[in-house]
Amino acid sequence: MPEIWTILLPLLRWMFYPAMLLAVGGVGFGVLLQSWLPAETEAYLRRVTGRAALVALGLAMLQLPVTAGSLGGDLASAVDPFLLTLVIEAPVGVAALVASGGVVLLLVTERLSTSVPGVIRLLPPAIVILSMTLVGHATSRGVLTGMLLSLHLAGIGFWLAALLPLRRMCLQPTGDGALAALAEQFGRLALVLVTMLVVAGLCYAALLLGSVTALFNTAYGLVLLAKIGLVGSMLVLAAVNRFRLVPALHEDAATAAPRLRRSIEMEMGLAGLILLASSLLTTSVTLPMGGM
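Going by our numbering, the residue at position 234 of the sequence shown is 234; the numbering climbs one at a time, nothing skipped.
Quick look at the structure:
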């Protein structure tokens, strides 16, 4: 029975990450690019954000019984009051509860978004991101690693949340330049945010690993190398989009839009693999310098 928990925990994380990042990033994308979002696309983004938030909420709460089950080693332990209390009082439980509270606030503010200022709408996503710094590797170097992880997650969330609305617009190019305008503005913002997430991620990894050799001779380092390679592939696709496909939208949207859609779908596939690597790094692979 113990082996089931070694599968469930990373699987739960793998499902939680995209839901959490889509919810958090969806709000950020909607706030920062609201002026360039057509009404139909904005409504679609709100639906995606809301559904992702509900999934993230369920998965965050599910972490409590799954963690309790991993402690006891059997299914009965998942609902054992004593073990559940231990989990709730532990950092993993606090993080799950803070994340859940942030998601609930996100759902409320997004429901009232027409009357809520953008800066207020960004507070619940900030709380959700903060929850990720309360447990695991982010606590190993105090505030610094927490800040780096927060910047990294904020950048990833914005990037991932942009893919679905952009893909949807590629399926139905209107010919009025809305897709080109949104993609171009996203590219400008993404240049800053992607730089932020890459630099923050590399600094975070350097602090955790402690040496370059650990990148090549430890399980953690090898998984991290795979993740870096996948991120590099996404960056190549993003560069192709930014400098070739988006400019082509101005000339012939009907031809360029399907090409951009295929590129975005490839990015989405790579993103899924990146999130799988992230779930393994946070649940199943031990840091070279000590425990998880």
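Heads up, the beta-carbon is just placed ideally off N, CA and C, and yes, glycines get one too.
Since we're looking at a predicted model, the values are computed, not measured.
What's the C-alpha gap between L293 and S113?
Not covered by the structure: residue 293. The range shown for the chain is 1 to 292.
Using the C-alpha atoms, what's the distance from A178 back to P38?
Within the sequence shown, the letter at position 38 stands for residue 38. Within the sequence shown, the letter at position 178 stands for residue 178. About 7 angstroms.
Please state whether the Cβ-Cβ distance between A78 and P65 is less than 8 angstroms.
The count along the sequence shown starts at 1 and reaches residue 78 at position 78. The count along the sequence shown starts at 1 and reaches residue 65 at position 65. Cβ atoms of A78 and P65: closer than 8 angstroms.
P91 to V27, Cα distance in whole Å?
Here residue 91 refers to the residue found at position 91 when the sequence shown is read from its first residue. Here residue 27 refers to the residue found at position 27 when the sequence shown is read from its first residue. Near 26 angstroms, if we compare the C-alpha coordinates of V27 and P91.
Can you give me the Cβ contacts of T67 inside the same chain, cut-off strictly under 6 angstroms, excluding the 5 residues immediately before and after it?
Within the sequence shown, the letter at position 67 stands for residue 67. Within the same chain, T67 has close Cβ partners V87 and V92.
Report all residues from its chain with a CB closer than 7 angstroms to the CB of V285; omit the five preceding and five following residues, and keep chain order.
Mapped onto the sequence shown, residue 285 falls at position 285. Result list for V285: A219, Y220 and V223, in chain order.
Could you work out which residue in L62, A96, R111 and L123 is closest to A154 when comparing CA atoms only?
Taking the sequence shown and counting its residues from 1, one reaches residue 154 at position 154. Selected option, being the one with the closest Cα: L123.
Roughly how many angstroms lie between the CA atoms of T282 and S70, to the nearest whole one?
Taking the first residue of the sequence shown as position 1, residue 282 is located at position 282. Taking the first residue of the sequence shown as position 1, residue 70 is located at position 70. In a straight line, the C-alpha of T282 is about 15 angstroms away from that of S70.
Applying the 10 Å Cβ sphere with the 16-neighbour rule, what's the burial state of F16?
For the purposes of this step, residue 16 is taken as residue 16 along the sequence shown, with counting starting at 1. Under this definition F16 is a buried residue.
Within 10 Å of its beta-carbon, does N217 have 16 or more other beta-carbons around it, so buried, or fewer, so exposed?
Against the sequence shown, residue 217 aligns to sequence position 217. Looking at its Cβ environment, which holds fewer than 16 other Cβ atoms inside 10 Å, N217 is exposed.
In angstroms, rounded to a whole number, what distance separates the CA positions of A53 and Q63?
Here residue 53 corresponds to residue number 53 of the sequence shown, with the count starting at 1. Here residue 63 corresponds to residue number 63 of the sequence shown, with the count starting at 1. About 15 angstroms.
May I ask you to report which of helix, strand or coil DSSP gives G290?
Within the sequence shown, numbered from 1, the residue matching residue 290 stands at position 290. Confidence is the limiting factor: at G290 the pLDDT is only 46, short of 50, which leaves the residue's position unreliable, though a coordinate-based value still follows. In the structure shown, G290 sits in coil (DSSP, three-state: anything other than H, G, I, E or B).
Ignoring anything shorter than 4 residues or poking outside the segment 130–185, list the alpha helix (DSSP H) runs there in chain order.
DSSP runs (the alpha helix (DSSP H)) wholly in the segment 130–185: 143–171.
Report buried or exposed for I274, applying the criterion of at least 16 other Cβ atoms within 10 angstroms of its Cβ.
Position 274 of the sequence shown, counted from the start, is the residue given in the question as residue 274. The residue is buried, with at least 16 neighbouring Cβ atoms inside 10 Å.
Pick helix, strand or coil for P316, following the three-state DSSP scheme.
The question about residue 316 has no answer, for the chain in this structure spans 1 to 292.
DSSP three-state label for P18, please.
On the sequence shown, position 18 is the one that residue 18 refers to. In this structure, P18 counts as helix in the three-state DSSP scheme.
Is G26 helix, strand or coil by DSSP?
In the sequence shown, the residue the question calls residue 26 occupies position 26. Correct three-state label for G26: helix.
For L57 and E251, what's the separation of their Cα atoms in angstroms?
To locate residue 57, count along the sequence shown from 1; it is residue 57. To locate residue 251, count along the sequence shown from 1; it is residue 251. Spanning the two alpha carbons is a distance of roughly 43 angstroms.
Using a Cβ-Cβ cutoff of less than 7 angstroms, which residues in the same chain neighbour L149 once the five nearest sequence positions on both sides are dropped?
In the sequence shown, residue 149 corresponds to position 149, counting from 1. Excluding residues within five positions, the ones whose Cβ falls inside 7 angstroms are M132, T133, A138 and Y204.
What do you reckon, are the CB atoms on C170 and L270 nearer than 8 angstroms?
Reading the sequence shown from its first residue, position 170 is the one you call residue 170. Reading the sequence shown from its first residue, position 270 is the one you call residue 270. Not a contact, by the Cβ cut-off of 8 angstroms.
Report the three-state DSSP secondary structure of A277 (helix, strand or coil).
Counting from 1 along the sequence shown, the entry for residue 277 is found at position 277. In the structure shown, A277 sits in a helix (DSSP, three-state: H, G or I).
When you compare each of A162, L209 and V192 to E42 by their alpha carbons, which one comes out closest?
Sequence index remark: in the sequence shown, residue 42 carries index 42 (1-based). Among A162, L209 and V192, the Cα nearest to that of E42 is on A162.
Can you give me the C-alpha to C-alpha distance between M266 and A254, rounded to a whole angstrom?
Locating residue 266 in the sequence shown gives position 266, where the first residue counts as 1. Locating residue 254 in the sequence shown gives position 254, where the first residue counts as 1. Going by the C-alpha atoms only, they are around 20 angstroms apart.
If we count the other Cβ atoms within 10 Å of its Cβ and call it buried at 16 or more, is G201 buried or exposed?
Along the sequence shown, read from residue 1 onward, the residue named residue 201 stands at position 201. G201 is buried by the Cβ-count criterion.
With burial defined as no fewer than 16 other Cβ atoms inside 10 Å of the residue's Cβ, what is the status of G118: buried or exposed?
As a first step, residue 118 is located in the sequence shown; it is residue number 118 there, counting from the start. Classification of G118: exposed, given that the 10 Å Cβ count is below 16.
What first and last residue would you give for the alpha helix (DSSP H) that runs through A90?
Taking the first residue of the sequence shown as 1, we reach residue 90 at position 90. That residue, A90, is in no alpha helix (DSSP H); it is neither H nor E in DSSP.
Short of 7 angstroms in beta carbon distance, which residues of its chain neighbour G72, apart from the five on each side in sequence? Order them along the chain.
Reading the sequence shown from its first residue, position 72 is the one you call residue 72. Cβ neighbours of G72 beyond the five flanking positions: D80 and L83.
Cβ atoms of R51 and E110: under 8 angstroms apart, would you say?
The count along the sequence shown starts at 1 and reaches residue 110 at position 110. The count along the sequence shown starts at 1 and reaches residue 51 at position 51. Contact flag unset, no.
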